[in-house]
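The UniProt record's numbering applies: residue 1 is where the sequence shown begins, and numbers increase by one.
Working notes for the structure below.
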Amino acid sequence: MHRTRFARLTALVVLILATHTAVAKPPDEADLRPLFYPVRNQLFRGSCAVFSSIAAMEFYAGVPRLSEAYVYSLIKQNTLDIEGANFLEMKKFLDANPLVSAEVFPYEFVGVFGFNPNNADEVRVAQAFNRVKGEQAKLLRDRAIFQAADIKVFTASQMSFDWLKEQIASGVPVVLGMGLNSEQWKYAPRGRVDSAIGPNAQGIKNIWADNGNHAVLAVGYTKDGYVIIRNSWGIEWGEQGYGYLHWDHYVKHKLKSGMTIGGVKTVPTMDIADRPDFDIRAQGKKLDDGTFSANLSFVLKSKHMPEGGIRKVTYWVYAPDVDVNGDPRTFPPPLARLVGTDALNGFRVQVTDLKVHSLKVIVEIEHLRGGMTTGSRPIPEIIAWSATPILK
1 MHRTRFARLT ALVVLILATH TAVAKPPDEA DLRPLFYPVR NQLFRGSCAV
51 FSSIAAMEFY AGVPRLSEAY VYSLIKQNTL DIEGANFLEM KKFLDANPLV
101 SAEVFPYEFV GVFGFNPNNA DEVRVAQAFN RVKGEQAKLL RDRAIFQAAD
151 IKVFTASQMS FDWLKEQIAS GVPVVLGMGL NSEQWKYAPR GRVDSAIGPN
201 AQGIKNIWAD NGNHAVLAVG YTKDGYVIIR NSWGIEWGEQ GYGYLHWDHY
251 VKHKLKSGMT IGGVKTVPTM DIADRPDFDI RAQGKKLDDG TFSANLSFVL
301 KSKHMPEGGI RKVTYWVYAP DVDVNGDPRT FPPPLARLVG TDALNGFRVQ
351 VTDLKVHSLK VIVEIEHLRG GMTTGSRPIP EIIAWSATPI LK
């Protein structure tokens, strides 16, 4: 799908560039969902474009969870409104500003309360709050090292379903900006929107007029003409946060603009440590026979050299009730033991025939320069979406 090339520039500078494999004829269907972190929730804030853009960056191997709060706070410091489909402004911001990881500036830091835009006093409070959060975000700029690369913005007339298929099949998710009726999406069964006609809260079909703009990330497509989208309304919406929009009957009538991010480059400002800190992406799927499959990939955190310094990553996968403290070679037999050697794809592995969808994973990292690093992670977040439905 995508290819990531690492080049060490100095002891403190590492560049990650992504190149993409051209696809002569895209396959009939494609699904990039297993390569993402679990869907997060933007809550009441108008940050859909931020969430979609950051998800497009996190897609690339080696990129940790990034901070939506950092982007949102800097953008909102001087304004209360950002257009959900205004990707030219988003491109301008991302071109000029590298980002921090989510652990540095969690989304909760932007506040979880709303305000009435028609109440002058509440607007003044919100403006003051945004200014403070923007100043706090600026204090973290020495830790902002994740820079979006090769950002392109497209008008609706430049985009077609065939074009979208080519992008996704070559390993490039696409941010889509469109008009929508939020109530229609709220009640859309399994996040499926066929047209502007859909059920309301009582299940009665209704003609829905747009009441706003929204940004989502296109992460796949089906042979029946649906775009698989990643929303930012949490895992309770649709299928664990993902949905299906019919291109001909819905998307092409609502589409306003699009954006692609071709890669992520990092420029660490701290010393590279010998012992890497790491994270694991864990996404899965519930199969028709009731079992689960899971994709695991290894992600190095911000201040450390990317996968170029690693020979292989070994994953021991256990059920959630197994104590994973100590040497895995002394433990009971694991559910699976998998070895990842492909640095270009985040040392990604897939485990199948799982009877549980919560796991514990021990990771053993073998360094090119010699030595090992071992750590464990509970994986409660494996996305167990149901098997892809037949959409007709």
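Note that the Cβ used here is the ideal one computed from N, Cα and C, for glycine as well.
Since this is a predicted model, take the numbers as computed values, not measurements.
Kindly confirm or deny that the region 26-44 and the region 161-180 touch, where touching means at least three C-beta pairs closer than 8 Å.
yes
Please classify Asn-213 as buried or exposed, where buried requires at least 16 other C-beta atoms within 10 Å of its C-beta.
buried
Let's test the definition: count the other Cβ atoms within 10 Å of the Cβ of Gln-42 and tell me whether it reaches 16, buried, or not, exposed.
buried
Buried versus exposed call for Gln-158 [16 or more other C-beta atoms within 10 Å across all chains shown]:
exposed
So what does DSSP say about Arg-40, is it helix, strand or coil?
Annotated three-state conformation of Arg-40 is coil, per DSSP.
Cβ pair Asp-194, His-253 closer than 8 Å
no
Which term fits Glu-44, buried or exposed, when burial requires 16 or more other beta carbons within 10 angstroms of its beta carbon?
One point to set straight first is that residue 44 is Phe, not Glu, in the sequence displayed. It is exposed - the Cβ of Phe-44 has fewer than 16 other Cβ atoms within 10 Å.
Element boundaries [alpha helix (DSSP H), containing Ile-54]
48-58
Write down every uninterrupted run of the beta strand (DSSP E) in the region 179-230 whose length is 3 residues or greater and which is fully enclosed by it, in chain order.
Fully enclosed beta strand (DSSP E) runs of 3 or longer: 197-199, 205-207, 212-221 and 226-230.
Candidates Phe-146, Ala-49, Ile-229 and Tyr-72: closest to Ala-61 by CA position
Phe-146
Among His-249, Asn-231 and Asp-248, nearest to Gly-241 - alpha-carbon criterion
It is Asn-231 whose Cα lies nearest to the Cα of Gly-241.
Separation of His-249 from Asp-224, as counted between CA atoms:
12 Å
Where Phe-146 sits in the DSSP three-state scheme:
In the three-state reduction of the DSSP assignment, Phe-146 falls in the strand class.
Using only alpha-carbon positions, find the residue among Phe-298, Leu-164, Thr-341 and Gly-238 that is nearest to Pro-189.
Gly-238
Note down the Cα distance separating Asn-206 from Asn-86, rounded to an integer number of angstroms.
29 Å
Which of the three DSSP states, helix, strand or coil, is assigned to Ser-73?
Here Ser-73 sits in helix by DSSP.
If you count every other CB in all the chains shown that lies within 10 Å of the CB of Lys-360, and 16 or more means buried, which is it?
buried
Cβ-heavy atom distance, Leu-368 to the ligand ADP, below 7 Å
Because no ligand of any kind appears in the structure shown, any question about the ligand ADP cannot be addressed here.
Burial state of Asn-181, where buried means 16 or more other Cβ atoms lie within 10 Å:
buried
According to DSSP, Trp-316 sits in a beta bridge with which residue or residues?
Arg-337 and Ile-362
What does the Cβ neighbour count give for Ser-52, buried or exposed, with the cut at 16 atoms within 10 Å?
Answer is buried; the Cβ neighbour count reaches 16.
Throw me the rounded Cβ distance for the Gly-340 and Arg-348 pair, which I believe falls under 8 Å.
6 Å
At which residues does the beta strand (DSSP E) containing residue 427 begin and terminate?
Since the displayed the chain opens at 1 and closes at 392, residue 427 lies outside it and no answer follows.
What is the DSSP secondary structure of Ile-235, reduced to helix, strand or coil?
coil
By DSSP, does Ala-96 sit in helix, in strand, or in coil?
helix
Can you check DSSP and say which residues form a bridge with Tyr-242?
Arg-230 and Glu-239
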